[in-house]
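Here is the structure we will look at.
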Amino acid sequence: MPASAWIALILSAFLLIISAYMSSSEVAFFSLSPSDIESIKEEEHPADTTLLELLKDSERLLATILIGNNLVNVAIVILTGYAFGRIFDFSASPI
């Protein structure tokens with residue numbers, strides 16, 4: 000197997016982890032109940048103020064997460080397509 004195929008597969012695995020992280024951050028942000036947000040407002044940690052700033056413009060936050068996740072997923076498809084194209088010979092069965 001060519002080295003470029005290995006690199007593409009390793010990058011795909013890394014991007015898959017990033018995609019999982021982005022999906023889990025979407026769930027974490029948008030599953031907060033109003034009582035959770037109120038308890039966060041009462042605490043005075045630096046991370047809490049950042050969280051509240053992000054949630055002020057929740058539509059923009061959601062759009063950013065979804066666009067980023069889609070870009071990562073497209074990159075995964077491109078890299079795995081390239082890797083499998085280098086590993087397997089598809090010239091006998093053209094589309």
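Heads up: the sequence shown begins at 0 in our numbering, then just goes up one per residue. Glycine included, C-beta positions come from ideal geometry on N, C-alpha and C.
Collapsed DSSP secondary structure at residue i in the structure displayed
i   : result
P1  : coil
A46 : helix
S34 : helix
I94 : coil
F28 : helix
F13 : helix
F83 : helix
Under 9 Å between C-beta atoms of residue i and residue j
i   : j   : result
Y81 : S18 : no
L15 : I36 : no
L53 : L60 : yes
I64 : F28 : yes
I75 : S24 : no
Candidates the options: closest to residue i by CA position
i   : options               : result
I66 : F87, M21 and L53      : M21
F13 : S92, T79, D56 and E37 : T79
P33 : E43, P45 and K55      : K55
L8  : L70, R85 and P93      : R85
M0  : F87, P93 and A62      : F87
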